[in-house]
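Heads up: the sequence shown at position 248 corresponds to 247 in numbering that gives the first Met the number 0, and the numbers run straight through without jumps.
Beta carbons: idealized from backbone N, C-alpha and C, even for Gly.
Values in this document were obtained by computation on a predicted structure and should not be read as measured data.
Step one of this worksheet: look at the structure below.
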Amino acid sequence: MACDDYDDLVELGIEDELSSGFSKASDYVQKNASSMSSEVLLKLYAYYKQATEGKCNTPKPSWYDLRAKSKWEAWNNLRELPQNEAKQLYINIIRELDSSVLTDVSSSKEGWVTVSTLQQNNEEKVESDYEFLDYIKDGNYAKVADLLKNNAIKSEINALDGEGLAAIHWASDRGSYETIKMLLANGAKVNLQDADGQTALHYAASCGHSECVKVLLSEGADPKLKDSDGSDCFGVACDETVTSLLRM
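Shown next as structure tokens:
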């Protein structure tokens with residue numbers, strides 16, 4: 000993801016102990032953002048938005064605005080994470096970057112959330128809570144194949160989820176061409192459009208997943224189908240390699 004200035008990581012007013020630490024961490028980001036990686040900035044952005052606004056409350060950006068889409072997805076993926084936990088996770092990242100930051104603030108004080116990023120991620124990845132699409136997102140080909148033996152799963156293979164995507168869109172987004180083959184063999188529609196009118200080929204073309212593009216085209220994907228913004232796959236193709244494949 001291309002790095003931007005993240006000028007919406009503004010300082011929060013001091014209200015309590017946790018908010019005080021969060022505000023100091025935000026100030027540190029403002030001063031040192033240029034030296035941070037895009038990956039770290041994206042995590043900080045998501046935790047900041049969750050901490051200050053709660054659950055994602057903005058429409059999904061247009062497909063061709065990849066930078067805005069990445070930021071939106073990072074925030075939206077936090078879903079029900081409590082705002083105080085988001086503040087603490089934000090602070091934890093800054094502490095890991097620079098142990099000298101926030102030395103006057105103790106995370107063990109009453110009222111502070113004591114949870115590490117790793118612990119939170121593990122809690123979100125409890126397999127007992129997984130559904131079919133979660134295994135596609137994680138690239139667990141074997142589990143996806145096993146679940147597709149269930150006729151109930153097959154019957155819902157073209158259903159859109161809460162984010163407006165179906166199984167074939169997620170597989171294409173992740174670059175899993177083997178999963179795409181398996182989904183198509185089990186009834187997935189190759190030209191199925193998501194809530195924004197995008198097909199799996201839109202995803203593959205925009206992300207540069209050449210193998211996925213080849214598989215989808217070989218199964219009849221139409222590169223001229225347009226999404227709700229009027230963009231076809233040629234319009235969102237990330238490079239000339241993908242464009243050449245689409246022309247073929």
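Chain-order list of residues whose beta-carbon lies under 8 angstroms from that of residue i (same chain, five-residue window excluded)
i	result
Leu244	Ser209, Val212, Lys213 and Leu216
Met136	The question names Met, yet the displayed sequence has Lys at residue 136. These residues qualify, in order along the chain: Trp169 and Arg173.
Cys237	Ala204, Ser205, Cys206 and Gly207
Tyr140	Ser175, Glu177, Thr178 and Met181
Leu191	Asn157, Ala165, Ile167, His168, Thr198 and Ala199
Gly138	Arg173, Ser175 and Thr178
Val39	Ile92 and Leu96
Leu117	With a pLDDT of 28 at Leu117, under the threshold of 50, the modelled position of this residue cannot be trusted; read the value that follows with caution. Contacts found: none.
Three-state secondary structure (DSSP) of residue i
i	result
Leu65	helix
Ala50	helix
Ile321	Not covered by the structure: residue 321. The range shown for the chain is 0 to 247.
Asn157	coil
Ser36	coil
Arg246	helix
Val241	helix
Lys136	helix
Ala76	Before going on, a small fix: residue 76 reads as Asn here, not Ala. Three-state DSSP puts Asn76 in coil, outside helix and strand.
Val112	In this prediction, Val112 scores a pLDDT of 31, lower than 50, which makes its location untrustworthy; the coordinate-derived value is nonetheless stated afterwards. In the structure shown, Val112 sits in coil (DSSP, three-state: anything other than H, G, I, E or B).
Lys59	coil
Ser19	helix
Tyr129	coil
Asn150	helix
Ser98	coil
Own chain partners of residue i with C-beta closer than 7 angstroms, once the 5 adjacent residues on each side are dropped
i	result
Leu132	Asp160, Ala166 and Trp169
Glu130	none
Gln82	Gln49, Ala50 and Gly53
Ala151	none
Arg246	none
Leu183	Val189 and Glu218
Leu80	Gln49
Lys153	Leu147, Asn185 and Gly186
8 angstroms Cβ cutoff met for residue i and residue j
i	j	result
Ile90	Gly20	yes
Asp231	Pro222	yes
Phe233	Thr240	no
Ala67	Leu41	no
Ala144	Gly163	no
Val189	Glu155	no
Tyr202	Ser171	yes
Contact set for residue i: own chain, Cβ-Cβ below 6 angstroms, skip 5 residues either direction
i	result
Ala308	The first residue shown for the chain is 0 and the last is 247, placing residue 308 beyond what the model contains.
Gly196	Asp226 and Ser227
Val112	With a pLDDT of only 31 at Val112, under the threshold of 50, the placement of this residue in the model should not be trusted, and no figure is reported.
Cys55	Trp74 and Asn75
Residue i at chain B interface by Cβ criterion, 8 angstroms
i	result
Gln197	This model lacks chain B altogether, as it is built from one protein chain only.
Residue ranges of each beta strand (DSSP E) within the segment 160-239, 3 or longer: Taking only runs of at least 3 residues, no beta strand (DSSP E) segment lies wholly in the segment 160-239.
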